[in-house]
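Colleague: Just dropping this structure here.
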Ligand SMILES: NC(=O)c1ccc[n+]([C@@H]2O[C@H](COP(=O)([O-])OP(=O)(O)OC[C@H]3O[C@@H](n4cnc5c(N)ncnc54)[C@H](O)[C@@H]3O)[C@@H](O)[C@H]2O)c1
C-alpha cells in the first residue's frame, strides 16, 4: 500500500467514493480533512477513521461557494500546518435525474451542474495550489466519469462538466508540473454507493437503478460492477509517490467498460 505518512490530504466530497478515499488515505498514514455539503456524514466518516487509529476531521463545505472552499483550506492548513494532497470529488448527483437532453433541459440544471461539478473544482484547485507550492509540491486527483467521453443520449450537462475537468486537470499539470505539482483524473465506471441524495427510494427509481446496473454489467469485461474501494485504491496510488511520474492523465477504473 502507498505510504502517505506525514502528508496532509483534503477530500472535497466525502460520500461513497470520497469516503472510501478518505479511509484509504488515512490507512496509508495521511491526516485527512473531509469537506462535504453533508457535514454530518463527513464528521461520521472522520470519526470512523479516528476510531480505527487514523487522523481525520470532517466538516461542512459547499464547493460551489468560494468562501466555503477558502475556509476549508484554511481550516486544513491552520490545524495541520499545510496541504499536500487533494481529491476533488464532489458532484451534485441529485440533479442528474433532470439532466435530460440539450433541447429539453432546464437551463438551471446546466447552471447548477456546472456550479458544483466544474466551477467548484476550479475553486478547490485555486485555493489548494498556493498551499501545495508552499510545501514544495503536491498532487491532485479529480473524479471525472466515463460520461465525459462516451457520448450518451442523456445527462449532457453532467458530461460537459466532467469533460471540462480534463481541461482543468491538464492545465494544472502543465502550469505547475515543474514546481512539483501533479494532477490526474480518475474516471469510474458504475460504482455502487448506496441510495443517492435526491434519487429517493421510490419503486420507479429502484427499478430504474436495477435496470441500469444490469445494462452496465452486460458491457463490463470484468465480473462485477465497481465498489468505492476500487476507485479509492487508484486515487491513493495517484496521490502517492507510486504515481510520481503520472501527470495529466485520465485513468479509467471501470472493469473494462471503456477501452481508450
Ligand atoms: N458512483 C458512480 O457510479 C460514479 C461513476 C462515475 C463518476 N462518479 C463520480 O464520483 C464522484 C463521487 O460520487 P459518489 O458515487 O461517491 O456519490 P455520492 O453522492 O456518494 O458522493 C458525492 C458527494 O458530494 C457531496 N456534494 C454534493 N454537492 C456538494 C457541494 N456543493 N459541496 C460539497 N460536497 C457536495 C455529496 O454530499 C456527496 O457526499 C462524483 O464526482 C461522481 O460524479 C461516480
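Numbering (the working numbering), first residue to last: 210 to 469. Every residue gets a Cβ at the ideal spot worked out from N, C-alpha and C, and that includes glycine. This structure is a prediction, so every number in the text was calculated from the model and none was measured.
1) Would you mind giving the Cβ-Cβ distance between residue 372 and residue 357, rounded to the nearest angstrom? I have them listed as a contact below 8 Å.
2) When DSSP labels each residue in this structure, what does residue 313 get in the three-state scheme?
3) Start and end of the alpha helix (DSSP H) containing residue 287?
4) Pull up the distance between the alpha-carbon of residue 323 and that of residue 297, whole angstroms please.
5) Is the CB-CB distance between residue 242 and residue 230 below 8 Å?
6) Considering Cα atoms alone, identify which of 217, 366, 454 and 389 is closest to residue 317.
7) Leaving out the 5 sequence neighbours to the left and right, which residues in its chain are closer than 8 Å to residue 446 when beta-carbon positions are compared?
8) Verify whether the separation of the beta carbon atoms of residue 396 and residue 459 is less than 8 Å.
9) Within 8 Å, do at least three Cβ pairs link the stretch 327-343 to the stretch 435-442?
10) Please classify residue 417 as buried or exposed, where buried requires at least 16 other C-beta atoms within 10 Å of its C-beta.
11) Is the beta carbon of residue 255 closer than 8 Å to that of residue 269?
12) Grab the span of the beta strand (DSSP E) containing residue 461 for me, first residue to last.
13) Among residues of its own chain, excluding the 5 on either side of residue 244, which ones have a beta-carbon nearer than 6 Å to its beta-carbon?
14) Entirely within the stretch 351-408 and at least 3 residues each: give me those beta strand (DSSP E) ranges in chain order.
15) Please tell me whether, using a cut-off of 7 Å, the distance from the CB of residue 301 to the nearest non-hydrogen atom of ligand 1 is below it.
16) What first and last residue would you give for the beta strand (DSSP E) that runs through residue 244?
17) Can the beta-carbon of residue 402 be found less than 8 Å from the beta-carbon of residue 226?
18) Roughly how many angstroms lie between the CA atoms of residue 278 and residue 332, to the nearest whole one?
19) Can you check whether the CB of residue 304 is closer than 8 Å to the CB of residue 321?
20) Buried or exposed: where does residue 406 fall if 16 or more other Cβ atoms within 10 Å of its Cβ makes it buried?
21) Secondary structure at residue 297, three-state DSSP: helix, strand or coil?
22) What is the residue span of the beta strand (DSSP E) that residue 217 lies within?
23) With respect to the beta strand (DSSP E) encompassing residue 266, which residues constitute its N-terminal and C-terminal limits?
Modeller: Let me lay it out:
1) Residue mapping note: residue 372 aligns to position 163 of the chain shown, counting from 1. Residue mapping note: residue 357 aligns to position 148 of the chain shown, counting from 1. That belief holds up - the Cβ atoms of residue 372 and residue 357 are roughly 4 Å apart, short of 8 Å.
2) Residue 313 sits at position 104 when you count from the first residue of the chain shown. Looking at residue 313 - three-state DSSP - the assignment turns out to be coil, as it is neither helix nor strand.
3) Here the question's residue 287 lines up with position 78 in the chain shown. Where residue 287 is concerned, the enclosing alpha helix (DSSP H) stretches over 275-289.
4) Within the chain shown, numbered from 1, the residue matching residue 323 stands at position 114. Within the chain shown, numbered from 1, the residue matching residue 297 stands at position 88. Going from the Cα of residue 323 to the Cα of residue 297 covers about 14 Å.
5) As a working mapping, residue 242 is identified with position 33 in the chain shown. As a working mapping, residue 230 is identified with position 21 in the chain shown. Their beta carbons are not under 8 Å apart, which means residue 242 does not touch residue 230 by this criterion.
6) Locating residue 317 in the chain shown gives position 108, counting from the first residue. The shortest Cα separation from residue 317 among 217, 366, 454 and 389 belongs to 366.
7) The sequence position of residue 446 within the chain shown is 237, counting from 1. The answer, listed in chain order, is 211 and 452.
8) Within the chain shown, residue 396 is the residue found at index 187, counting from 1. Within the chain shown, residue 459 is the residue found at index 250, counting from 1. Cβ atoms of residue 396 and residue 459: closer than 8 Å.
9) no
10) For this step, residue 417 is matched to residue 208 along the chain shown. Classification for residue 417: exposed.
11) Numbered from its first residue, the chain shown carries residue 269 at position 60. Numbered from its first residue, the chain shown carries residue 255 at position 46. Against a cut-off of 8 Å, the Cβ pair of residue 255 and residue 269 comes out as no contact.
12) Within the chain shown, the letter at position 252 stands for residue 461. That run of the beta strand (DSSP E) goes 459-462.
13) As a first step, residue 244 is located in the chain shown; it is residue number 35 there, counting from the start. So the list reads 221, 268, 270 and 281, once near-sequence residues are dropped.
14) 390-397
15) Position 92 of the chain shown, counting from 1, holds the residue named residue 301. Result yes, Cβ under 7 Å from ligand 1.
16) Against the chain shown, residue 244 aligns to sequence position 35. First-last of the beta strand (DSSP E) with residue 244: 240-245.
17) Along the chain shown, one-based indexing puts residue 402 at 193. Along the chain shown, one-based indexing puts residue 226 at 17. A contact, by the Cβ cut-off of 8 Å.
18) Counted from its first residue, the chain shown places residue 278 at position 69. Counted from its first residue, the chain shown places residue 332 at position 123. Distance between the alpha carbons of residue 278 and residue 332: 7 Å.
19) Locating residue 321 in the chain shown gives position 112, where the first residue counts as 1. Locating residue 304 in the chain shown gives position 95, where the first residue counts as 1. Yes, Cβ-Cβ distance for residue 321 and residue 304 is below 8 Å.
20) The residue you call residue 406 lines up with position 197 of the chain shown. Note on residue 406: pLDDT 44, under 50, position unreliable in the model; the coordinate value appears next. The residue in question, residue 406, is exposed, as its Cβ has fewer than 16 Cβ neighbours within 10 Å.
21) For the purposes of this step, residue 297 is taken as residue 88 along the chain shown, with counting starting at 1. Correct three-state label for residue 297: strand.
22) Here residue 217 refers to the residue found at position 8 of the chain shown. First-last of the beta strand (DSSP E) with residue 217: 217-221.
23) For the purposes of this step, residue 266 is taken as residue 57 along the chain shown, with counting starting at 1. Run containing residue 266: 264-269, per the beta strand (DSSP E) assignment.
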